[in-house]
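Colleague:
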Amino acid sequence: MRTIVLLLLLTSASSVNAVDFFVAPSGDDANSGSVEKPFATLARARDAVRELKSRGPLDKPVRVIVADGNYTLTESFVLQPEDSGTAQSPIIYQAAAGAKPIFSGGRPIRGWQAGPNGLWTVRIPEVAAGQWYFEQLYVNSRRATRARTPNKFYFYIQEVREEVLEPGSPRRSKQARQTVRMRPEDFSTIADLQPDELKDVNLQVYHKWDNTRRFLERLDPEQHSMVTSGEGLKSWNSWERNSHFHLENFFAALDVPGEWFLARDGMLYYKPLPGEDMAKADVVAPVIDRLIELQGDPSNGKFVEHLVLKGLAFKHAQWLMPPGGFEAAQAASPIDAVGLADGARNVTLEDCEVGHVGRYVVWFRKGCRDCTLRHCYLHDFGAGGVRIGETDIASNENERTSHITIDNNIIRHGGRIFPSAV
15 MRTIVLLLLL TSASSVNAVD FFVAPSGDDA NSGSVEKPFA TLARARDAVR
65 ELKSRGPLDK PVRVIVADGN YTLTESFVLQ PEDSGTAQSP IIYQAAAGAK
115 PIFSGGRPIR GWQAGPNGLW TVRIPEVAAG QWYFEQLYVN SRRATRARTP
165 NKFYFYIQEV REEVLEPGSP RRSKQARQTV RMRPEDFSTI ADLQPDELKD
215 VNLQVYHKWD NTRRFLERLD PEQHSMVTSG EGLKSWNSWE RNSHFHLENF
265 FAALDVPGEW FLARDGMLYY KPLPGEDMAK ADVVAPVIDR LIELQGDPSN
315 GKFVEHLVLK GLAFKHAQWL MPPGGFEAAQ AASPIDAVGL ADGARNVTLE
365 DCEVGHVGRY VVWFRKGCRD CTLRHCYLHD FGAGGVRIGE TDIASNENER
415 TSHITIDNNI IRHGGRIFPS AV
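Number 211 in the working numbering belongs to position 197 of the sequence shown; there are no gaps in the numbering.
Right, dumping it as structure tokens:
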């Protein structure tokens, strides 16, 4: 009898202390969200919390408890002002006890076939149809190398000539064409590329503290030169003789284990590392750009508040080079983050993991205050780890970011696409 009374008291205390919704890989978004009938997605659980709030103010915390397993994100997980909790009744998205749920913004690549020269291939119909393209690939939880040359170290610019196409400020033209002369033996690696191959080749130039990424327009075989265009070079941070660079993303550069190449006809090629079994390999390509977004409106005093994300892992988000490339910018400041917060107040990310992404990882951008990133593992990212605030101080105090705590996290293996990031 005493045992029954104790169980009743514990059940009663639990129901008083919090309202719980449950999410599981085996769940269904048509379910009620109970422990017996869990939801399948975070988004559905978020909407259930909204429905709960619509019936009146919260009088206790709300928990979304996520079971162990793998989940697919087809779009970023978005939280807005209507998803806020209160100081007395926060809203918590947390892993179940002992669980480590993983939310992936990527898609598994299966059906590999052995081909000549040690290459493995798979055809992706969506790429052939122009519906999908990706510039990062992960094999067995490792960022694979997009086919590049040279494989180690760099080529070195011999001469740069610039033609102004559209004047700008006295310090820098708005649009210009650069002709980059290479050493003959280096030029030979791209001399035979056809125009349809050349248009996808990426030029990555490292200069002073910066890097520039460009597409190529054409080649000049007589001068052993490649031609590219974009913004004019900065006089204080230009490409010069002996500035180093590499070229990537063409089939002829796929020549060492660990490299891959995606053709526009949908064929994906990969050269396995020693010991990799492509019949069993876990291969993932990113599909979405961001993983988590806190979308407050600080300009109008609307904030995302009193939220906790705890024990969740988010992986696989892409960056695609735009047609104009990426111009040199200190700290890769034009690059945003896969975890992007505007107008976040009293929000905590704790014991979370974010990795295998193409941008910055977390950015407390506009109008964030009293937020915490604690005991998180941030790894393998295209730019930098954590950004706080903006480059200008806003005149509207609500738009200023301050009082952000970054406490005891592991942040490593960054700058994979933008080594100039911080």
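Ideal Cβ positions, reconstructed from N, Cα and C, are used throughout, including at glycine.
Can you tell me whether residue 362 is buried or exposed? The criterion is at least 16 other CB atoms within 10 Å of its CB, across all chains shown.
Modeller: Buried is the call here.
Colleague: For residue 91, which option in 323, 432, 421 has the closest C-alpha, if you only look at C-alpha atoms?
Modeller: It is 323 whose Cα lies nearest to the Cα of residue 91.
Colleague: Report back the beta-carbon spacing between residue 422 and residue 388 to the nearest angstrom; my notes put them in contact at under 8 angstroms.
Modeller: 6 angstroms
Colleague: Spatial neighbours of residue 200 within its chain, please: C-beta separation below 7 angstroms, excluding the five flanking residues on both sides.
Modeller: These residues qualify, in order along the chain: 169.
Colleague: Does the Cβ of residue 49 have 16 or more other Cβ atoms within 10 Å, making it buried, or fewer, making it exposed?
Modeller: Residue 49 should be labelled exposed.
Colleague: With DSSP as the reference, label residue 432 as helix, strand or coil.
Modeller: Note: residue 432 maps to coil in three-state DSSP.
Colleague: For residue 108, name the three-state secondary structure that DSSP assigns.
Modeller: The answer is strand: DSSP assigns residue 108 an E or B state.
Colleague: Run through the DSSP bridge pairs and tell me what residue 189 is partnered with.
Modeller: 180
Colleague: Closest to residue 144 by C-alpha separation, out of 395, 342, 280, would be which residue?
Modeller: 280
Colleague: Counting Cβ pairs closer than 8 angstroms, one from the stretch 374-389 and one from the stretch 351-365, do we hit at least three?
Modeller: Flag = yes, the stretch 374-389 and the stretch 351-365 touch.
Colleague: Is residue 39 a contact residue of the ligand ADP, with contact defined as CB to any heavy atom under 7 angstroms?
Modeller: No copy of the ligand ADP appears in this structure; indeed no ligand is present at all.
Colleague: Taking the alpha-carbon positions, what's the residue 22 to residue 311 distance?
Modeller: For residue 22, the predicted structure reports a pLDDT of 36, less than 50, and the residue's modelled location is therefore unreliable. A value from the coordinates is still provided. The alpha-carbon of residue 22 is positioned some 44 angstroms away from that of residue 311.
Colleague: Using a 10 Å radius around the Cβ and a threshold of 16 neighbouring Cβ atoms, would you call residue 298 buried or exposed?
Modeller: buried
Colleague: Along the chain, which unbroken stretches of the beta strand (DSSP E) at least 3 residues long are found entirely within the stretch 347-401?
Modeller: 351-356, 358-364, 367-371, 374-378, 383-388, 391-395
Colleague: For residue 171, which residues from the same chain have a beta carbon less than 8 angstroms from its beta carbon, with the 5 sequence-adjacent residues on both sides left out?
Modeller: Only 194, 195, 196, 219, 253, 254, 255, 256, 257, 258, 259 meet the Cβ criterion.
Colleague: Just to confirm, are residue 442 and residue 427 a CB contact at a threshold of 8 angstroms?
Modeller: The displayed coordinates of the chain run from 15 to 436. Any statement about residue 442 would go beyond what the structure contains.
Colleague: Need the endpoints of the alpha helix (DSSP H) that residue 212 sits in, please.
Modeller: In the DSSP assignment, residue 212 falls within the unbroken alpha helix (DSSP H) covering 209-212.
Colleague: Residue 349 to residue 331, Cα distance in whole Å?
Modeller: 13 angstroms
Colleague: Can you give me the start and stop residues for the beta strand (DSSP E) that residue 77 sits inside?
Modeller: 76-80
Colleague: Going by the beta-carbon positions, is the gap between residue 327 and residue 367 smaller than 8 angstroms?
Modeller: yes
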